[in-house]
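The block underneath contains the structure these notes are about, expressed in structure tokens.
Chains as they are written, first to last, in the numbering used here: chain A, 4 to 423; chain B, 9 to 569; chain C, 605 to 838.
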């Protein structure tokens, strides 16, 4: 039997895909999604120091670790549902710890730019319907968001865009990516010069191109003028940016500068800018703490109220400064992705892992709690990269507890310990 | 069970004006004395007892509220409560969801409705509403730029429009028909706007006049609990009071014996005379005159409060204009084929001539419009914090307080508005109308806003003796008393006492089901086609199911409430 | 004068908003001064050896204070000498007095400072003299001197005062600067983005963002904001 499911892999959150329950495999998924919606190795049972225990025992031990720590770090969150994230924020507040989520290593610069300038954005449907110019800046959707071009941004047709020819696709990147091959215009830039190039574009569009040198970041002034022209003459343009911009020299200032460019363009025509978010619910991992605690990441609750400081309370900072004495890692694999110095500290402190699948972080975890796969075995709310909410589905029964159930029990245990 | 003893009750719906009365509560409702055995007794001697406040237009939940928080960490650095028995509560004017619930509770407000819900984002709005403790709530989905609406109005398919409204309110689990800058936000997708009622909406050939009229017509045909709720075209522009009156005139041919047929919101922002920011003046007198002359329109004030604020509305083109005017940060969210939103941080300074004028206009409306037609609001957070409603209440009742304030504001107000000349002082009875009985009637919720038998036991007790207080002169006491209730009771439970939280409870989310009044089959093919062609998500994954909400309360339009 | 020495090696960071005026308080008040050790509220004397010598408004911190944050925040007079490294937010919101750090500092040195003086003998990190997230103005008075190197975000949204860096710095010097003076003796990266006013003087190599026009003594810009900021080589 084939049922409609909502993919819980990347930020595209494709909701037109099918899952064959008997065969346990997906249909219409891209490579990334189908790897998740298939038979995979799972964590078999809750464990404490390698010994199998019950869920209740593992959760109780976790509660103990968090309550007794002076500064516990609760990190991950981007690959689980809002209902679990909400409990996670409340739990972090209860144990006076630090809440951080995956954005701190990928798209946090966008949040910082939002603080500095606001973000002139739009939903994916607007791009599909109206965008006659789409610029992928430091983003390679063909590899990171495989169905995004066909569903939303390149081949997608809608209200005003009836044909691929009605749209110009520009790729700006430091090397010729797979996405560059599908573009109408590819601009190769010197690594680390996004900021300068955007300043130059702004000056050109403002009519101050005499202040712009003949070459900026490896791009000639003529080429920049060509791009500026294309942008000004668009009817509805979209800049979609990725880690090429947020994780290279300039970071949040790169995004901030691009936003200023889009503000300027909106005085002449219509443009939006939006990040190509990676995990399927990394948006939720930021939105939920924002309404519960005022901020989207790097939140410290040690004083009994939330404080935001990205350079201080993001997971890598806290780990590298050896400023935490316990960690709960959920729906994430920091041991695989974080710098050596962060991982070194993770090895020294008690670590609790909540995840459906074993990964590198499992190897350093003292308590391991296996969870149900959201979107397959557990339902809940997730926000697509443009913020549109979806209720991901439960289509398969499972013995595993959901993240929501695990955290609910953990909060209950923490409350008991704090009251007693 | 509760017995509120010896309180002095003001209950405008039931005609009670400062009478000593006992109130009895059982199972969350106000009941006859005979139904109550061994109740807990609250001694309300010499205290004012009223229904809990009803904030019928506030931006408290959903994606644009959250973007506001995310954009403004400087707003989130004010600490109101350290975590302990209750959640940590932070925020200056913008607040976290727990803080919103706690602050309403401490002030004696027990219901608050989200003023503008982007339909495709409804689930997010409901998640945030369900993160707000204490209050009962609902959300108004926005219709005025939704392509289905524009299409059906253009094709004059009014029955299909009716079906669509019912379908949309059920899918969004919404409460009624909100209209924001009709046509203008669609025009913004092309970089323009609809500033007059006869500007054509690009791509559809309809006008705001046609959109508003059709939506009123079909909302009345459905007889929804709440009328069309309109944020007028041309908001924030000098001279716009004429657009506002013209918009109001569209309601002329409609009538409803339960309620208004059109509620026009935050009218202050739409009551400007003059032709530019240099000669801008108040058009409040003209607007008030018109509202008072008809019996089927209600408004709410949209009062600015001096200090910080955040402009957040579905009026995306206006928000861009505000960004250009002030140079402030600007967020925008064009949203599928449904509409848009914009957020810009702002502030109101007493010495700034334009801000002072806006402040004066809000008060003019509050004073000049009959109290059974004007609801007190700040259009939170656009005008300012809802925690300053007591300031507005005190000002409406005291000319002396207004004179004092007028001394510290820009002298521009003296020539550009009629506020200095208004002697009128509203009574306590009227101010309770404007904050309790009227909003409940406007929203069509008979169980709210009063203290009659059968009403929800949502009650506020204040340290104010209506038989002794001199509201003209004792405005400091009035202000202080309304800032912090002596008791706030929600569904029969004491949730706050003298500014301290007592118990955290979770309210209901009202939504309206009008499906049995229409044929959904009539629009089925259109829905399928539009979703396939123009939406970026599947029709089968669109909408909110009741079981995802914490405490949904379905209001069947067929029933009498 | 008050001398403080850490009693233990701190496992997690300590938030200690101590200012020189604490040296004038009684021994009991000093001992009971509340600090945060992670989420635990502790007394100053639990974490530090406290010795009072005389009645001057001066604090000497001896040892490694790199995990101690908010030292000198909001101070308005007196002197703090740190004989070692110091943690984040040193001298934030300061309006007067002097802070000398003999070792290295971390982030947010002199954030939103209005007056007084901070000298870091070693290196500092990011966000020097800057505005906290969402605030409109960074440093508006006083002087910050870094003898060693600094990293990113120097004097952003500066409204006045002076920052002098003897070593090198990285990117985003004087972004959105309104007034004041930044002097960098070494090399740095991106300079002057969205600069509205003020002066930046650089001795070493740097990368001026596009948007500056050549003048007699250097460059003026950023044209993107109609700015009249000056960037000068010396």
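C-beta: ideal position from N, C-alpha, C; glycine also.
Predicted model, so just to flag it, every value in this text is computed and none were measured.
query	result
In angstroms, rounded to a whole number, what distance separates the CA positions of residue 757 (chain C) and residue 794 (chain C)?	10 Å
Can you round the beta-carbon distance between residue 204 (chain A) and residue 264 (chain A) to whole angstroms, since I take them to be within the 8 Å contact cut?	6 Å
List, in chain order, every chain B residue whose beta-carbon is nearer than 8 Å to that of residue 96 (chain A).	91, 95, 96
Anything in chain A within Cβ reach of residue 338 (chain B), meaning under 7 Å, just list it in chain order.	121, 123, 266
Within the 8 Å Cβ cut-off, does residue 619 (chain C) reach chain B?	no
When the Cα atoms are used, what is the spatial distance from residue 737 (chain C) to residue 404 (chain B)?	38 Å
If you draw a straight line from the C-alpha of residue 177 (chain B) to the C-alpha of residue 34 (chain A), how long is it?	38 Å
Mind checking who residue 302 (chain A) pairs with in its DSSP beta bridge?	A:102, A:311
Mind listing the chain A neighbours of residue 711 (chain C)? Cutoff is C-beta to C-beta under 8 Å, in chain order.	314, 315
Nearest to residue 656 (chain C) by CA position, among C:627, C:690, C:706, is which residue?	C:627
Taking only the alpha-carbon atoms, compute the straight-line gap between residue 1 (chain A) and residue 235 (chain A) and give it to the nearest angstrom.	As shown, chain A starts at 4 and ends at 423. That puts residue 1 (chain A) outside it, with no answer to give.
Keeping to the same chain, check which residues put their C-beta closer than 6 Å to that of residue 640 (chain C); ignore five residues upstream and five downstream.	619
Which chain B residues are close to residue 293 (chain A), counting only those with a beta carbon under 7 Å from its beta carbon?	74, 77, 78
Can you look up residue 6 (chain A) in the DSSP assignment and give me helix, strand or coil?	strand
CA-CA distance, residue 513 (chain B) and residue 108 (chain B)?	13 Å
Measuring alpha carbon to alpha carbon, tell me which residue in C:786, C:612, C:816 is nearest residue 668 (chain C).	C:612
Could you compute how far the alpha carbon of residue 390 (chain B) sits from the alpha carbon of residue 193 (chain A)?	44 Å
Rounded to whole angstroms, what's the CA-CA distance from residue 443 (chain B) to residue 634 (chain C)? Just pull it up for me.	51 Å
Which partner residues does residue 175 (chain A) have in the DSSP bridge list?	A:140, A:190
Quick check on residue 309 (chain A) - is its C-beta less than 8 Å from some C-beta in chain C?	no
Taking the beta carbon of residue 342 (chain A) as the centre, do at least 16 other beta carbons fall within 10 Å, making it buried, or is it exposed?	exposed
Would you call the segment 530-542 of chain B and the segment 186-203 of chain B touching, i.e. three or more CB-CB distances under 8 Å?	no
Tell me which residues of the segment 395-414 of chain B have at least one Cβ-Cβ distance to chain A shorter than 8 Å, keeping chain order.	none
For the putative contact between residue 219 (chain B) and residue 132 (chain A), defined by C-beta atoms under 8 Å, what is the C-beta separation to the nearest angstrom?	Not a contact, Cβ separation roughly 20 Å.
Counting only beta-carbon separations shorter than 8 Å, does residue 253 (chain A) have a partner in chain C?	yes
Run through DSSP, which three-state label would residue 276 (chain B) get?	helix
Check whether chain C comes within 8 Å of residue 438 (chain B), counting only Cβ atoms and requiring the distance to be less than that.	no
Return yes when the Cβ of residue 144 (chain A) is within less than 8 Å of the Cβ of residue 279 (chain A), no when it is not.	yes
Looking only at C-alpha atoms, which of A:62, A:102, A:384 sits nearest to residue 397 (chain A)?	A:384
Give the secondary structure of residue 693 (chain C) by DSSP, where H, G and I count as helix, E and B as strand, and everything else as coil.	coil
For residue 193 (chain B), which of helix, strand or coil comes out of DSSP?	helix
Can you grab the Cα-Cα spacing for the pair residue 149 (chain B) / residue 66 (chain A), in whole Å?	41 Å
By Cβ distance, which residues of its chain are closer than 7 Å to residue 379 (chain B), with the 5 residues on each side in sequence left out?	434, 438, 441, 442
Along chain B, in chain order, which residues have C-beta atoms closer than 8 Å to that of residue 739 (chain C)?	82
Going by other Cβ atoms of all chains shown within 10 Å of its Cβ, with 16 needed for buried, is residue 41 (chain B) buried or exposed?	exposed
When you compare the CB positions of residue 499 (chain B) and residue 36 (chain B), do they come within less than 8 Å of one another, or not?	yes
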